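One structure below.
Take a look at the structure:
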């Protein structure tokens, strides 16, 4: 038995510290593997991984694709226009079709919260949630945790501020769950229009100014502002948003002196983060996060397919 | 105005009225330059300061200058109705030393440059101090949030869509939440727009007899009830302007009892007049919200006496003759009020609904406190913004003598008791009544 015996990875909420640590330990090994010249293994040879994406994504899809290929799996990308009506029906129909083809891992991104869970109830393969609506994005939280852990040696006791559009962010939710589970102290900083109601019940301290929220923090996690649907409704303008909530050197002046900056990407330079700061190698972990993403996804695919094999060997037939 | 700073001035033989400290006693006050340096009961009763100019108040009331939290200045955009200068003169003649203007100018006060324009232009006049509210939504259209954070930094005292209610509940929710982020207050014109649409006076028997379209009382209560729930949801700081109905007062009373961060004001027409003032289609009595029934008027008086209604504002709305000399339905809403604010409010004192100290509290300290202004109290170190008045002197409202450019007063010809004798802004006398 491994420390992670689940069939699917649908979210961070509910995972134990041991499970998270185990996945991070596995990922560590894949970081070294990816850095060596011998990146490719045959661990998942004969396995089929399908990236089923109902939302546009370049980096997450590529990251999963690379992870699967480095492990020797056959990886197929399916991008489905999410605009069609009767999404629920389409989703289940698609799942049943794929299920009939005997695949091993389904990596799903969908604009509706709960879509990955729904699929997991209909298929025999392992499901990895690559982002469902405003619910969870577990591999993002894991890669963020791995990035921090490799820099700081651990997560316990760190003070982390998550800043920006928490209302629409699945990344924020997954990170809040993970950081809390691992003993970090989590703050959120946003205008009240961008905070989901009851967010304080998730175990975070709520701040409305960067000056107070960033005071003495170890890590600043910025979230993307989706400005096309934001302006006028949730915030008055990009100008005002950057003035009060955009991260720049001045706002970083109250953090711990060695505080580090993270962003799940893709960044809006000059909206939520100052361009120079984003590129500052002393402070910004943004590129490192991308590297860790591949390692984390390799670990997840490895662990989940191993669990499939175990389940099969234990199974009745 | 004179740029020379005033020296030391002693106000002696006064009845001091300072609601913030609860003082209502004979005493004196000393100013030095632009600020109050001493104030106390009994001060200068036996001795006179040797080095100061002495003003003998002759037993008249010395109070903080009035803080009028709802004024339309019409500049920029409608300077034929009022300008910052004419409103400034009108204000000081009425004893008002600070006024807060609505953003429904042309251009709308919804950007930092316009906030700064109003502040700069008003400072130049050296009359009553002008503070702007800024738009809560861009162009007052109720569709998109205005830049509330940056406007607050530029000096906007609060946020409102002026004479328009924020119609969409979702927009109101976001405006309250967003304003709360910055700790600023949102001021609502509490009138459900679809019920008010087309109406020109209070709905009821009189409107029916006159054949005029009415606005039901519940238009106020419905909007307030909705907003109270949104305040509870968001924690936003909310102020309801010009309450006019008994039901409206009841809603605010319940909200305050529930501990919601809510305040409200009313204006003199709503406690001194009722719908009968519309009489023979008098357009000067066409106000927004409309004058209500006698029972509503009594409820407003009671709300003021019980402290449910925090403040009294003039709701000064200048209209030129062309805007009022029209069939009732076509005439503009609103009345001027800066120069009748004090004497009409003093009726509440003469009719024994409020003490003199309470009258001054509703007109100065309460609005200053709820807007976060360092005004409305006789406090050493504060600006010497003062009002000297005789609460008993009899007279009659004469719009021809108004300093305001517009004469559209619903109190035209009304006998009054109470007169402003002297108004002081930053230590300087800016208005002195003829003997």
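Protein chains in written order, with our numbering: chain A, 74 to 390; chain B, 38 to 472. Cβ coordinates follow ideal geometry from the N, Cα and C atoms, glycine included. What you are looking at is a predicted structure, and each value in this text was computed from that prediction instead of being measured.
For residue 305 of chain A, decide whether its Cβ has a neighbour in chain B, counting only Cβ atoms nearer than 7 Å. yes
Member of B:112, B:142 and B:172 whose CA lies at the smallest distance from the CA of residue 158 of chain B: B:112
To the nearest angstrom, how far is the alpha carbon of residue 53 of chain B from that of residue 60 of chain B? 7 Å
Less than 8 Å between the CB atoms is what I'm expecting for residue 218 of chain A and residue 228 of chain A, so what's the real figure, rounded? The distance from the Cβ of residue 218 of chain A to that of residue 228 of chain A is about 6 Å, consistent with a contact at the 8 Å cut-off.
Mind listing the chain A neighbours of residue 184 of chain B? Cutoff is C-beta to C-beta under 8 Å, in chain order. 309, 310, 312 and 313
Please classify residue 284 of chain A: is it buried, with 16 or more other beta-carbons within 10 angstroms of its beta-carbon, or exposed? exposed
Nearest by alpha-carbon distance to residue 73 of chain B: which of B:462, B:471 and B:470 is it? Here the closest residue by C-alpha is B:462.
Three or more C-beta pairs below 8 Å linking the stretch 414-426 of chain B and the stretch 325-338 of chain B: no
With 7 Å set as the bound, which would you pick, yes or no: does the beta-carbon of residue 280 of chain A sit closer than that to a beta-carbon of chain B? Output row for residue 280 of chain A: interface = no.
State the DSSP-derived secondary structure class of residue 438 of chain B, mapped to helix, strand or coil. helix
Under 6 Å Cβ to Cβ from residue 224 of chain B, same chain only, skipping five residues before and after it: list those, please. Here the set comprises 195, 197, 276 and 278.
Take residue 251 of chain B as the anchor and find which of B:99, B:297 and B:312 has the nearest alpha-carbon. B:312
In whole angstroms, give me the CA-to-CA distance for residue 390 of chain A and residue 214 of chain A. Its pLDDT being 40, under 50, residue 390 of chain A is placed unreliably by the model, and nothing is read from it.
May I ask you to report which of helix, strand or coil DSSP gives residue 429 of chain B? strand
Distance between residue 168 of chain A and residue 375 of chain A (C-alpha atoms, nearest Å): 22 Å
Beta-ladder partner(s) of residue 82 of chain A, from DSSP: A:201
Can you find a C-beta in chain B that's less than 7 Å from the C-beta of residue 260 of chain A? no
To be precise: take each residue of the stretch 262-275 of chain A, compare its Cβ to all Cβ atoms of chain B, and keep it if any distance is under 7 Å. Which residues remain? 264, 265 and 266
Only counting runs of 4 or more residues, tell me where the alpha helix (DSSP H) segments fall wholly within the stretch 282-335 of chain B, in order along the chain. 283-294 and 305-309
For residue 248 of chain B, verify whether its CB is less than 6 Å away from any heavy atom of the ligand NAP. Of ligands this structure carries none, so the ligand NAP is not represented either.
Taking only beta-carbon atoms, is residue 317 of chain A less than 7 Å away from chain B? yes
Residue 318 of chain A, buried or exposed, once every other Cβ within 10 Å from all chains shown has been counted against 16: buried
Tell me, please, whether the CB atom of residue 215 of chain B is closer than 7 Å to any CB atom in chain A? yes
For residue 443 of chain B, collect the residues of the same chain with a Cβ closer than 8 Å to its Cβ; drop the 5 residues on either side in sequence, then sort them by chain order. 118, 119, 355, 356, 357 and 373
State the start and end residues of the unbroken beta strand (DSSP E) segment that holds residue 48 of chain B. Its beta strand (DSSP E) spans residues 45-55.
Check the C-beta distance from residue 293 of chain B over to residue 286 of chain B and give it rounded, since I have them as a contact under 8 Å. Actually they do not touch by this definition, with Cβ atoms about 11 Å apart.
Alpha carbon to alpha carbon, what distance is there between residue 391 of chain B and residue 349 of chain B? 13 Å
Minimum C-alpha distance to residue 43 of chain B - residue among B:58, B:51, B:55 and B:67: B:67
What in chain A is Cβ-close to residue 218 of chain B, meaning under 7 Å? 264, 265 and 281
Residue 134 of chain B and residue 114 of chain B closer than 7 Å at C-beta: no
7 Å is my cut-off, CB to CB: does residue 181 of chain B come that close to chain A? True, the Cβ-Cβ gap to chain A drops below 7 Å.
Please confirm whether residue 372 of chain A and residue 100 of chain A have their CB atoms less than 7 Å apart. yes
Between residue 187 of chain B and chain A, is any beta-carbon pair separated by less than 7 Å? At a cut-off of 7 Å between beta carbons, residue 187 of chain B contacts chain A.
Once you ignore the five residues that flank residue 277 of chain A on each side, which residues in its own chain have a CB closer than 7 Å to its CB? 249, 259, 260 and 261
So that I know if they touch, is there some Cβ in chain B lying closer than 7 Å to that of residue 385 of chain A? no
Would you mind listing the beta strand (DSSP E) stretches within the stretch 194-267 of chain B that are 3+ residues and don't spill past its ends, in chain order? 222-225
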